[in-house]
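For reference, the structure is listed below as structure tokens.
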Amino acid sequence: MAQFINAKENLVAEAIDGLLAASGGTLSRLDGYPHIKVVFRSDWDKSKVALVSGGGSGHEPSHAGFVGKGMLTAAVCGEVFASPSVEAVLAGILAVTGEAGCLLIVKNYTGDRLNFGLAAERARALGRKVEMVVVDDDIALPDLPQPRGVAGTLFVHKIAGALAEGGASLEDVTKAAKSVIGKVVSIGMSLDTCTIPGSTKEDRIGPGKAELGLGIHGEPGAEQVVFSDASAAMNTVVEKLKDHAPGTDNIALINNLGSTTPLEMSVLTHALTQSGIVNRVIGPAPLMTSLNMHGFSVSIMNATKAEHDALAAPVEMSAWPGMANVAAPVVVGLPDGLTPIEPIPSKNAKVREVIDKVTDLLISAEAQLNQLDAKSGDGDTGSTLATAATALKARLDKMPLADLTQFFPALGNELSQTMGGSSGVILAIFFNAAGDACANGTSVQKALVDGLNRVSQVGGAKVGDRTMIDALAPALEALPNGIQMAAAAARKGADSTALIHRARAGRAAYVPEENLKGHNDPGAEAVALLFDALAKEMVD
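Under my numbering, the first residue of the sequence shown carries the number -17, and numbering increases by one thereafter.
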């Protein structure tokens, strides 16, 4: 898998330097490359308790991304998924620890415990006041004697950080950190493993499966479960969390494990907020990632008033998303003039039968049209048409099926609301113009031609530009000779688009010619499929 890196050996050092370069001078590092990689606050004066955390890299923005006022004082960075050395941790401790002392916040992995623990002992031998807490929030493996430390560690960073910034003693900061650790539980789920730079990706999660409870270093999860959708995935996670943190007055940290899109994370957040176990959320955001893992994790805790205030305290680090109350969506009515005008419904069994078959065809052709569109666009033509077709089927009882002068504009209005992209607008123009023509006494065939002409005027596309018009125009021209001739003309027009290597309209106009060669335009293909279905319906 190609990755935006240079030499694997320099990856972490270059990433740290990139973070520092974009920090505006708020962050500094120790001069210890390549073995000592310590990021710390540039404004640190050692007058307060220092918080030091860290571990293997690959979890960004943790840990260096949370160095700043109100959170960490320093982060000690190892190589990807590898604990930093004792010398590196000791360097970090000595760089930031004053008379107030230092608290090490360590995730419960053997390498981190050993290296941070020994560094703490050596620092104490040098006269520094050092305490260490170990976070073990992962509940994926219930029989594990030492649970792993995962994204729940961020609760400790934030609460301890707020107390330290407020001038609390090392004893009080340590006590608060231990209290948080005792209450935080986390679990994650992923659809795919991560890709470690320089290593072959492990493809252990099969199609239709998700891994529950996998670690942040890509280690296998507790089990593989059947994956159906986001709601079911989140429900599975919530049920696990409920066993350890019952009640509803919980704060949830919703973590993107790396490559889950913001759109997916928002869907997962919606599912979590509907579960009833949380009333405040932090995120969704990438907080403690696992390189490019396509997954998420949820960490929850029941906070006291003081802990809540510490979590709510603002910080300057852009990686920290802040905390918000779970609230029902605020829905405001449409402005005057935009509320859809409901048509007067009427019945026509034959029209309904035809529309049912056409919409079923579009729904069944979703994958085919998406695949075709992926070669020349963004791969969503089939989904766009299928979504609109599904919505139209649900509205047929409220449509004026017996009167085309009313049905055409009603159809145009419906498609303008349910069909995304440019397709909905184009078809709304088409059917509204056709409806106007029918109302003026024009024949249906001529009214459809008028609709097409209006689309060309507004959109600028014409035959030969590699759009749906390449199939629709010849089909409407042949329609007076019968639906069979129209279907044949539509098919010929759609197939001709495979020979047009330069699109002059639509999204394909931005696609290189090489990508278009030999592939029908998906809009034209959809028109051909529709006319073919209509022709078969007339024969039947």
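Idealized CB from N, CA, C, for every residue including glycine.
Inter-residue Cα distance where the pair is residue i and residue j
i: F389; j: P325; result: 8 Å
i: A410; j: I337; result: 17 Å
i: Q353; j: G361; result: 6 Å
i: S35; j: D125; result: 27 Å
i: V219; j: L173; result: 14 Å
i: K51; j: A(-3); result: 21 Å
i: L367; j: D503; result: 14 Å
i: T99; j: V162; result: Note on identity: in this sequence residue 99 is Gly, with Thr being the wrong assignment. Roughly 20 Å between the two C-alpha positions.
i: S65; j: L250; result: 31 Å
i: V71; j: L9; result: 17 Å
i: Q399; j: T243; result: 25 Å
i: N414; j: A234; result: 49 Å
i: S257; j: N217; result: 7 Å
i: I187; j: L239; result: 16 Å
i: V116; j: L397; result: 57 Å
i: S300; j: H501; result: 45 Å
i: V78; j: D27; result: 8 Å
i: T363; j: G505; result: 7 Å
i: K165; j: T135; result: 11 Å
i: M401; j: F513; result: 20 Å
i: I87; j: L1; result: 21 Å
i: A515; j: P189; result: 33 Å
i: G149; j: T177; result: 42 Å
i: A443; j: C420; result: 24 Å
i: L551; j: K339; result: Coverage of the chain is limited to positions -17 through 522, which leaves residue 551 absent and any answer about it impossible.
i: E335; j: D379; result: 12 Å
i: A472; j: G417; result: 22 Å
Buried or exposed by the 16-neighbour rule on C-beta atoms within 10 Å, applied to residue i
i: T341; result: buried
i: R484; result: exposed
i: S168; result: buried
i: T175; result: buried
i: F(-14); result: exposed
i: P317; result: exposed
i: T92; result: exposed
i: D531; result: In the structure as shown, the chain starts at -17 and stops at 522, and residue 531 therefore has no counterpart that could be examined.
i: V312; result: exposed
Among the options, nearest to residue i - alpha-carbon criterion
i: L351; options: R334, V68, T369, L386; result: T369
i: V440; options: N90, S24, I408; result: I408
i: T523; options: D477, N284, I236, S241; result: What the structure shows of the chain is the stretch from -17 to 522, and residue 523 is not part of that stretch, so it cannot be assessed.
i: G394; options: V437, P179, N422; result: V437
i: L461; options: D452, L430, S478, A349; result: L430
i: S328; options: A384, E519, A508, I18; result: A384
i: E221; options: A122, N261, V138, V263; result: A122
i: M275; options: K474, E113, H199, A472; result: H199
i: E289; options: A310, K357, K157; result: K157
i: L54; options: V333, V62, P43, G60; result: P43
i: H226; options: E507, D120, A349; result: D120
i: P268; options: G277, N261, V260, N232; result: G277
Counterpart residues of residue i in DSSP-defined beta bridges
i: F278; result: M171, N238
i: R23; result: L9
i: E193; result: S172, Q206
i: G530; result: Not covered by the structure: residue 530. The range shown for the chain is -17 to 522.
i: M283; result: I233
i: G74; result: DSSP lists no partner for G74.
i: D262; result: Reading off the sequence shown, one finds Arg at residue 262, where the question assumed Asp. The partner list for R262 (beta bridge, DSSP) reads I233, N307.
i: G411; result: Per the sequence shown, the amino acid found at residue 411 is Ile instead of Gly. I411 is not bridged to any residue.
i: G402; result: Paired residues: none, contrary to the question.
Cutoff 8 Å: residue i Cβ touching any chain D Cβ
i: V(-6); result: In the displayed structure, chain D is absent; only one protein chain is listed.
Any non-hydrogen atom of the ligand FMN within 7 Å of residue i CB
i: F513; result: For the ligand FMN, the structure offers nothing, since it holds no ligand at all.
Length-filtered (3 minimum) beta strand (DSSP E) runs lying within the stretch 220 to 247:
Fully enclosed beta strand (DSSP E) runs of 3 or longer: 233 to 238.
Secondary structure, beta strand (DSSP E): runs of 3+ residues fully inside the stretch 85 to 124
For secondary structure counted as the beta strand (DSSP E) over 3 or more consecutive residues, the stretch 85 to 124 holds these complete runs in sequence order: 112 to 117.
Just list the beta strand (DSSP E) runs in the stretch 288 to 369, keeping only unbroken ones of 3 residues or longer that don't cross its boundaries, in chain order.
305 to 307
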